[in-house]
Each structure stands twice: as structure tokens, then as C-alpha cells.
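Heads up, the sequence shown is in this note's numbering, so the first residue is 1 and it goes up one at a time.
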Amino acid sequence: MNYAKTIRLALDYDTAVPRVKAAFQAQGFGTLTEIDVQATLRGKLGVEMERYVILGACNPTLAHRALDVQREIGLLLPCNVVVQEDGDGVRVHALDASLIASIPGVPELEPIAAEAGQRLQAALDALLEDGA
């Protein structure tokens, strides 16, 4: 099962992270959480890895609509976006929002997931069009 939409950007990590946040913000997704996985694994386990951040992206309107359908859907929120250092660029992975409806199997969530998916894809497309 593929659960991510992935693009590669020819940007350094420090440039990419704010651009990714801005692209998702333009589609109505704020960043609720930011987890620096590299720092966490280094600090807790002494493990080294590439720079890797998990951004908890949330569109409040879509989240509210989904929670009105089913309160437990909060387990699948927010829509996580990963920025991962990859050689001389980065990979950006965004959750395939169709999972928000398919995992619980609640048909009423399908239009909400579809809109979230369109907005997530639009953010990824904007990053690619930006020449990154």
C-alpha cells in the first residue's frame, strides 16, 4: 500500500523546510507540530541519520468537518509532511489523504479526504513549479 505522495527538490535542507511550510500554508495547512527526527534519535539513542523533519500539517476547516463525521478520525490527523535530506537535495513526502477515509471505511469522510488530497497535491505541485 502506497501511503505517500513524494517529490524531490534540488534545494538544500535549510532552504527547503520554510518553502515547504509556505507551500502548504498557501493551501490552508498550518504547521501544528515540527519533529526534528535527526535530533531526537541522536539525543535519545545516539543514532545518526540525515536531517529529517516531520511537519504536522493541519487545515482547521477540513479537520473540523472530519471530526464532525467521526471523532476517532483525530487518530489520523494531522496530515503529516516529511522533509528528508537526500544528497544534494531533499525529498518531500506528504500523506496520501485518501487514507483518512479508507482506513475507517466511513463514506462520509471521502469528500473531505478528497479535498485534503487535492490541497496537498497542489502544495507539492507549487513546490515543483517554483523551480526548486
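Glycine included, every Cβ here is placed at the ideal spot set by N, Cα and C.
The residues Pro104, in chain order, have a CB closer than 8 Å to that of Glu72 in the same chain once the five nearest residues on each side in sequence are set aside. According to the DSSP assignment, Leu128 belongs to the alpha helix (DSSP H) that extends over 110-129. Taking Ala10 as the centre and dropping the five residues before and after it, the same chain places the C-beta of Gly89 closer than 6 Å to its C-beta, in chain order. Between the region 63-72 and the region 83-97, the count of C-beta pairs closer than 8 Å stays below three; the two stretches do not touch.
When secondary structure is reduced to three states using DSSP, Leu77 falls in the coil class, being assigned neither helix nor strand. With respect to the 8 Å criterion, Ala39 and Leu127 are not classified as neighbours on the basis of their beta carbons. Residue pairing by DSSP places Ala26 opposite no residue, since no beta bridge is assigned to it. Among the bridge pairs identified by DSSP, Arg91 is matched with Arg8, Gln84.
With respect to Leu120, Pro78 sits apart: the two C-beta atoms are not nearer than 8 Å.
For the 8 Å CB-CB criterion, Leu99 and Ile7 do not form a contact.
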